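The structure appears below as structure tokens.
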Amino acid sequence: MTLLPLKLKGMPAPEQDPRKQKYNTDKLVKRLRRQVGKAVMDYGMISDGDRIMVCLSGGKDSYAMLELLLSLKRSAPVDFELVAVNLDQKQPGFPADVLPRYLDGLGIEWHVIEKDTYSVVQRIVPEGKTTCGLCSRLRRGTLYEFARKHGMTRIALGHHLDDIVETFFLNLFHGATLKAMPPKLKSDCGRHIVIRPLAYCRERDLSQLAGIRQYPIIPCNLCGSQPRLERQAIKQMLAEWERIQPGRTLNTFRALSNISPSQLCDPGLFDFAGLEVDSANAIGTETGA
Ligand code: SF4
Numbered sequence: 034m035t036l037l038p039l040k041l042k043g044m045p046a047p048e049q050d051p052r053k054q055k056y057n058t059d060k061l062v063k064r065l066r067r068q069v070g071k072a073v074m075d076y077g078m079i080s081d082g083d084r085i086m087v088c089l090s091g092g093k094d095s096y097a098m099l100e101l102l103l104s105l106k107r108s109a110p111v112d113f114e115l116v117a118v119n120l121d122q123k124q125p126g127f128p129a130d131v132l133p134r135y136l137d138g139l140g141i142e143w144h145v146i147e148k149d150t151y152s153v154v155q156r157i158v159p160e161g162k163t164t165c166g167l168c169s170r171l172r173r174g175t176l177y178e179f180a181r182k183h184g185m186t187r188i189a190l191g192h193h194l195d196d197i198v199e200t201f202f203l204n205l206f207h208g209a210t211l212k213a214m215p216p217k218l219k220s221d222c223g224r225h226i227v228i229r230p231l232a233y234c235r236e237r238d239l240s241q242l243a244g245i246r247q248y249p250i251i252p253c254n255l256c257g258s259q260p261r262l263e264r265q266a267i268k269q270m271l272a273e274w275e276r277i278q279p280g281r282t283l284n285t286f287r288a289l290s291n292i293s294p295s296q297l298c299d300p301g302l303f304d305f306a307g308l309e310v311d312s313a314n315a316i317g318t319e320t321g322a
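Heads up, my numbering is the position in the sequence shown plus 33, with the first residue counted as 1.
Here you go:
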């Protein structure tokens with residue numbers, strides 16, 4: 034009989050064999066690389082000569098996106114440029130030296146844009162109201178403007194599969210609309226193409242990679258905003274569903290690319306009014322009628 038190692042509460046987990054650790058890391062990175070490559074291919078995200086602005090927030094997903102895109106670039110059949118860009122929104126305590134130090138070591142072009150959107154948000158949004166809507170709009174505007182001025186042909190964001198599914202349910206429950214976050218989209222102004230190369234990656238894998246690599250994470254709550262309660266509730270709902278029936282999140286994501294407009298109810302998407310029987314089967318054309 035084989036005895037499994039007992040993990041006692043409060044005791045550190047036993048050290049993993051370094052060879053096994055390396056094997057597991059390689060496997061994780063390969064999986065993520067494969068998923069990024071497939072998403073890039075499936076949605077035609079990158080073309081030869083693209084100059085891609087990789088938006089780096091300092092969170093785990095954006096670090097992972099940069100690492101995976103750099104790895105993809107080394108073996109991709111097309112040639113493209115990666116430019117890392119961070120927006121310093123002047124939130125109190127923002128550690129301005131962390132990203133430059135990290136990016137200097139990568140040997141790629143990078144920029145930190147300094148724009149005090151924090152004060153604008155604090156001034157405009159009434160006390161107690163959520164600040165994220167205005168803050169995101171200001172951030173998006175600043176990044177788009179920078180992309181235009183610096184000749185970026187793509188803007189890469191670090192949203193992953195779980196973000197996409199959560200957004201789908203947020204829109205469903207709170208916006209009464211069937212929409213999520215597409216892996217590739219044209220900005221409303223029509224001047225930018227936004228891509229989400231992590232669209233097929235799972236958050237748990239990205240968290241694991243971040244832990245292994247020890248990315249210098251910049252906390253996302255420097256602005257003092259409370260976590261968005263509706264998104265938190267959706268996260269909890271999905272976690273509970275996964276506990277009861279693993280695979281629901283992935284199946285929801287798969288459903289987003291397997292749509293039957295004629296089986297839904299949107300007359301703008303499917304011509305229900307124009308539905309008629311095939312003329313060959315129309316009443317009165319049957320033999321003997
Ligand atoms: S959490 Fe803070 S920094 Fe992030 S979008 Fe909301 S207000 Fe902006």
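Every residue gets a Cβ at the ideal spot worked out from N, C-alpha and C, and that includes glycine.
Please read these numbers as outputs of a predicted model, since none were measured by experiment.
Through-space distance from residue j to residue i, alpha-carbon basis
| i | j | result |
| --- | --- | --- |
| S95 | Q269 | 23 Å |
| R173 | C88 | 10 Å |
| K71 | R187 | 17 Å |
| L210 | G301 | According to the sequence shown, residue 210 is Thr rather than Leu. The alpha-carbon atoms of T210 and G301 are separated by roughly 13 Å. |
| V62 | Y135 | 20 Å |
| I292 | M214 | 15 Å |
| C253 | L242 | 18 Å |
| V69 | Q247 | 21 Å |
| S220 | A313 | 45 Å |
| R281 | R287 | 10 Å |
| N57 | S108 | 22 Å |
| D75 | D81 | 16 Å |
| K60 | R156 | 48 Å |
| S104 | V73 | 13 Å |
| P51 | S295 | 54 Å |
| Y233 | R67 | 9 Å |
| F179 | K106 | 23 Å |
| P279 | A315 | 47 Å |
| K148 | F303 | 45 Å |
| G161 | K53 | 49 Å |
| L139 | P249 | 14 Å |
Exposure label - residue i; buried when at least 16 CB within 10 Å
| i | result |
| --- | --- |
| T150 | buried |
| R276 | exposed |
| P230 | buried |
| I197 | buried |
| G191 | buried |
| G91 | buried |
| G321 | With a pLDDT of 47 at G321, under the threshold of 50, the modelled position of this residue cannot be trusted; read the value that follows with caution. When all chains shown are included, G321 counts as exposed. |
| V118 | buried |
| R245 | Reading off the sequence, residue 245 comes out as Ile, not Arg. So I245 counts as exposed. |
| L102 | buried |
| V310 | exposed |
| F305 | exposed |
| E273 | exposed |
| L120 | buried |
| L99 | buried |
| Q122 | buried |
| L176 | buried |
Residues bridged to residue i [DSSP beta-bridge criterion]
| i | result |
| --- | --- |
| H144 | V118 |
| C298 | According to DSSP, C298 bridges with nothing at all. |
| R187 | I85 |
| V227 | I188 and L218 |
Whether residue i touches residue j by CB criterion (8 Å)
| i | j | result |
| --- | --- | --- |
| D299 | R235 | no |
| L132 | V111 | no |
| M185 | M78 | no |
| E142 | V116 | yes |
| F206 | L289 | no |
| F113 | D83 | yes |
| R237 | R181 | no |
Chain-order list of residues whose beta-carbon lies under 8 Å from that of residue i (same chain, five-residue window excluded)
| i | result |
| --- | --- |
| R261 | T163 and C165 |
| Q239 | Looking at the sequence shown, residue 239 is not Gln but Leu. Excluding positions up to five away in sequence, the list reads L65, K93, D94, A97, H193 and L231. |
| V154 | T164, L167, C168, L171 and C256 |
| G126 | L255 |
| E199 | R264, I267, K268 and L271 |
| S258 | T163, T164, C165 and C168 |
| I226 | T186, R187, I188, K217, L218, K219 and S220 |
| N204 | T210, L211, K212 and A213 |
| G307 | none |
Cβ shell of residue i (< 7 Å), same chain only, five flanking positions each side left out
| i | result |
| --- | --- |
| P128 | I251 |
| Q124 | Y151, L255 and C256 |
Residue-chain proximity (residue i, chain D), Cβ-Cβ < 8 Å
| i | result |
| --- | --- |
| S293 | The structure shown has no chain D; it contains just one protein chain. |
beta-carbon residue i near ligand 3 non-hydrogen atom, thresh 7 Å
| i | result |
| --- | --- |
| V154 | This structure lacks ligand 3; the ligands present are ligand 1. |
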